[in-house]
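Note that our numbering has the sequence shown beginning at 18, numbered continuously upward. Quick reminder that beta carbons are idealized off the backbone N, C-alpha and C, glycines included.
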Amino acid sequence: MSADRSLHDLNRLAAVGRASTVLDGAPLSMDAIVAMAANLAHAPIGVVSLVDGEWDRLLGLHGVDGVYSMTRRITVSDSLCRHVISTGEPV
Numbered sequence: 018m019s020a021d022r023s024l025h026d027l028n029r030l031a032a033v034g035r036a037s038t039v040l041d042g043a044p045l046s047m048d049a050i051v052a053m054a055a056n057l058a059h060a061p062i063g064v065v066s067l068v069d070g071e072w073d074r075l076l077g078l079h080g081v082d083g084v085y086s087m088t089r090r091i092t093v094s095d096s097l098c099r100h101v102i103s104t105g106e107p108v
């Protein structure tokens with residue numbers, strides 16, 4: 018499957034929609050969960066994101082400042098996560 022088709026795969030997008038619904042109602046903030054994970058891994062930053070057809074939505078952030086912490090999204094064309102989706106491999 019090509020990278021563009023992988024990004025727009027209807028099954029994947031439906032799963033992103035379901036995950037968004039569940040995570041929006043989570044009792045803990047995603048920022049708190051990401052901070053805990055980053056601290057356990059001794060990592061300076063941590064990010065949890067969901068990539069839909071247009072945006073990489075940054076649901077949980079730790080150690081990230083600037084525009085991304087305010088907008089909480091990146092265009093798919095600028096997203097590192099699109100490579101994971103298109104290749105199925107870690108970065």
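- For S66, the enclosing beta strand (DSSP E) stretches over residues 63 to 68.
- Restricting attention to M53, R99, R90, T38, the CA atom closest to the CA of I62 is found in M53.
- Minimum Cα-Cα distance from S46 among the listed residues L27, L75, A58 corresponds to L75.
- R99: member of the alpha helix (DSSP H) spanning 98 to 104, first to last residue.
- Under the Cβ criterion (8 Å, minimum of three pairs), the region 64 to 73 counts as touching the region 21 to 37.
- For M87, the closest of I50, D41, S103, G77 by C-alpha to C-alpha distance is G77.
- Within a 10 Å sphere around the beta-carbon of R35 sit fewer than 16 other beta-carbons, which makes this residue exposed.
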